[in-house]
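First up is the structure itself, then whatever we jot down about it.
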Amino acid sequence: MAGPLPLGDPAPADGHLPADLPIDTTVPFSAYLHIPFCTVRCGYCDFNTYTSTELRGAKQEDYASTLISEIALARRVLGDAGALRPMDTVFFGGGTPTLLPAGDLARMLEAVTGAFGLADGAEVTVEANPDTVTPEVARALARAGVTRMSVGMQSAVPHVLAALDRTHRPENVRTAVAAAKDAGLAVSVDLIYGAPGESLSDWEASLDAALVLEPDHISAYALIIEDGTKLARQIRRGEVPTPDDDLQADMYELADARLADGGFDWYEVSNWARTPDRRSRHNLAYWRGSDWWGFGPGAHSHVAGLRWWNVKHPAAYAQRLAAAESPAAGTERPDDESRTLERILLLSRIREGIAVDDVPSANRSRVAGLMADGLIDPVAALQGRIRLTLRGRLLADAVVRELTD
Numbered sequence: 000m001a002g003p004l005p006l007g008d009p010a011p012a013d014g015h016l017p018a019d020l021p022i023d024t025t026v027p028f029s030a031y032l033h034i035p036f037c038t039v040r041c042g043y044c045d046f047n048t049y050t051s052t053e054l055r056g057a058k059q060e061d062y063a064s065t066l067i068s069e070i071a072l073a074r075r076v077l078g079d080a081g082a083l084r085p086m087d088t089v090f091f092g093g094g095t096p097t098l099l100p101a102g103d104l105a106r107m108l109e110a111v112t113g114a115f116g117l118a119d120g121a122e123v124t125v126e127a128n129p130d131t132v133t134p135e136v137a138r139a140l141a142r143a144g145v146t147r148m149s150v151g152m153q154s155a156v157p158h159v160l161a162a163l164d165r166t167h168r169p170e171n172v173r174t175a176v177a178a179a180k181d182a183g184l185a186v187s188v189d190l191i192y193g194a195p196g197e198s199l200s201d202w203e204a205s206l207d208a209a210l211v212l213e214p215d216h217i218s219a220y221a222l223i224i225e226d227g228t229k230l231a232r233q234i235r236r237g238e239v240p241t242p243d244d245d246l247q248a249d250m251y252e253l254a255d256a257r258l259a260d261g262g263f264d265w266y267e268v269s270n271w272a273r274t275p276d277r278r279s280r281h282n283l284a285y286w287r288g289s290d291w292w293g294f295g296p297g298a299h300s301h302v303a304g305l306r307w308w309n310v311k312h313p314a315a316y317a318q319r320l321a322a323a324e325s326p327a328a329g330t331e332r333p334d335d336e337s338r339t340l341e342r343i344l345l346l347s348r349i350r351e352g353i354a355v356d357d358v359p360s361a362n363r364s365r366v367a368g369l370m371a372d373g374l375i376d377p378v379a380a381l382q383g384r385i386r387l388t389l390r391g392r393l394l395a396d397a398v399v400r401e402l403t404d
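Okay, so the sequence shown: first residue is 0 according to numbering that gives the first Met the number 0, each after it adds one.
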């Protein structure tokens, strides 16, 4: 199973890639830039993010220059390994990237472009809080080379936003989307369902509000209770109810029906797009197992089967780079069994599915049972591919267990 590399084995933590790494420069390459700042910490979130009072030892205004230092490091490491490739996708995530000035995001994108280049038609996405997007910000990002904005809508219902500790005003989603469109950016909106106190009619109102915005892409994620979050503590103390699995299933089915009626096709369990060219190419790179370098504190990277992750706190991250050291905190090389499990887990979630031949031979006999249970498309299965039905999407984890246990 996956485990850390032995101490002393060359790895990005030492500023190098292992000499025996089977790098294929024809594999698409992506960049993830983590912006770890938030105005407040949402109660459900366990991402590596920090409010201003939690930064201690790091300055938000210095962040762009610090991250650009890691870009230079990556250019050297990959250049030494003969693995330089232009970026097919770039994604600014967080946190709230748009808490930084648009000029800082532009500088970081310029550094990526200068170090690696961008492939023709590259997708460049910035996540945004609706309250931080103005027409001026959207135009500045578009001029810098951003092609897509992902707006954190989450809900259109005030009491649901309050349950999630979201502070943005619902009406600002509309103005943010309009600003992005006017600047020529493709637009995605993110939704969350299953919050404490959210009814099916509340969820229906949010779906309808999202459709009225006429975005190019919609993501809809079931609320997951993560250990260590404020929401997990509230549930443990009995202050709010545990999310209802049956209600979340009803919400998912409603989303799939409403979004289909609105002209959206699902292409991953939690993602719908108006047309194939509006799918998130960056997320598809993750699901398909392409290579990427994650920049920023706590960011994870993957190149040719080698994985590593950076130190988490922005201060420790900045200190490492200021000392001309790699910010990587650890590495691992998953073995063949782990990689097979991950491949099935990820590829089974997307519309194209996974080839039956990619399933371990001992588990292929279970495909017929998955067909009989209505979990996978029988026509696709007879043609050699495992593709989830709507029922299968609701029970995707069970399908993966059948194919891997």
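Virtual Cβ for every residue (Gly too), placed ideally from N, Cα, C. The model shown is predicted, which means the values in this text are computed figures rather than measured ones.
Status (buried if at least 16 other CB within 10 Å, exposed otherwise) for residue i
i: L66; result: buried
i: V76; result: buried
i: A367; result: exposed
i: G120; result: exposed
i: G81; result: exposed
i: A209; result: buried
i: P359; result: exposed
i: S364; result: exposed
i: S198; result: exposed
i: D189; result: buried
i: G293; result: buried
i: G92; result: buried
i: V268; result: buried
i: S347; result: buried
i: T124; result: buried
i: R142; result: exposed
i: D334; result: exposed
Bridge partners - residue i, DSSP secondary structure assignment
i: M250; result: Partner(s): none; M250 has no beta bridge.
i: H33; result: G92
i: V188; result: V150, I217
i: F263; result: F263 pairs with nothing; no bridge assigned.
i: T330; result: W307
i: S300; result: W307
i: W291; result: S29, H301
Nearest to residue i (by Cα), restricted to the options the options
i: G14; options: A82, F46, A327, T88; result: A327
i: A380; options: L394, R350, A110; result: R350
i: R168; options: K180, G151, A114, R390; result: G151
i: Y316; options: M370, A63, S187; result: A63
i: E238; options: W308, V123, D61, A162; result: A162
i: F28; options: V123, M86, S279; result: M86
i: D420; options: L246, D164, W308, A178; result: Only positions 0 to 404 of the chain appear in the structure, and residue 420 is not among them; the question remains open.
i: Q153; options: T274, V145, A194, L117; result: A194
i: A219; options: V172, S187, V302, D372; result: S187
i: R287; options: T38, I353, T24; result: I353
i: A137; options: V176, G383, W308; result: V176
Rounded Cβ spacing between residue i and residue j (contact assumed at less than 8 Å)
i: G94; j: H33; result: 7 Å
i: Y43; j: T228; result: 6 Å
i: N47; j: P296; result: 6 Å
i: Y192; j: A221; result: 6 Å
List in chain order: all unbroken beta strand (DSSP E) runs of 3+ residues lying wholly within the region 348-372.
Counting only runs of 3 or more residues that sit fully inside the region 348-372, no beta strand (DSSP E) segment turns up.
In chain order, each alpha helix (DSSP H) run of at least 4 residues that lies wholly inside the region 98-156:
Runs found: 101-115, 134-143.
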